[in-house]
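Colleague: Numbering (this note's numbering), first residue to last: 2 to 70. Dumping the structure here so I can ask a few things about it.
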Amino acid sequence: MRLRYCEAFARYGAKLRRGQLSLCALAPDGSLVISLSEHKFTRGGRYIDRLSEGSNYRDRPGYRELAER
Numbered sequence: 002m003r004l005r006y007c008e009a010f011a012r013y014g015a016k017l018r019r020g021q022l023s024l025c026a027l028a029p030d031g032s033l034v035i036s037l038s039e040h041k042f043t044r045g046g047r048y049i050d051r052l053s054e055g056s057n058y059r060d061r062p063g064y065r066e067l068a069e070r
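Listed below in structure tokens is the structure:
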């Protein structure tokens, strides 16, 4: 079963601030729910990404929000 983006966050009770522009949201219990990009997973299942990879990240509202949290 495939979920829509906002539905996936809603499963944890997390409400997105900016809809699909958001990459993260806080759940009612205070945990951080984040969206991970499938292409950033290695074959071994490790996730590799950095918020500091360049200005592209800093200029996007979703990445700024994630970095703040």
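Cβ coordinates follow ideal geometry from the N, Cα and C atoms, glycine included.
For a minimum of 3 consecutive residues, which ranges assigned as the beta strand (DSSP E) are wholly contained in the segment 2-50?
Modeller: 25-27, 33-35
Colleague: Could you spell out where the alpha helix (DSSP H) holding R65 opens and where it closes?
Modeller: For the purposes of this step, residue 65 is taken as residue 64 along the sequence shown, with counting starting at 1. Run containing R65: 62-69, per the alpha helix (DSSP H) assignment.
Colleague: Quick one: residues in its chain with C-beta nearer than 6 Å to the C-beta of F42, no 5 flanking neighbours on either side, listed in chain order?
Modeller: Position 41 of the sequence shown, counted from the first residue, corresponds to residue 42. Closer than 6 Å at Cβ, skipping near neighbours: Y48.
Colleague: Of all the options R61, G31, S36, which has the alpha carbon lying nearest to the alpha carbon of L4?
Modeller: Reading the sequence shown from its first residue, position 3 is the one you call residue 4. For L4, the nearest C-alpha among the options comes from S36.
Colleague: Quick test of your reading: A26 and L17, contact by CB under 8 Å. State the CB separation rounded to the nearest angstrom.
Modeller: In the sequence shown, residue 26 corresponds to position 25, counting from 1. In the sequence shown, residue 17 corresponds to position 16, counting from 1. Right, the Cβ-Cβ distance comes to about 5 Å (below 8 Å), so this counts as a contact.
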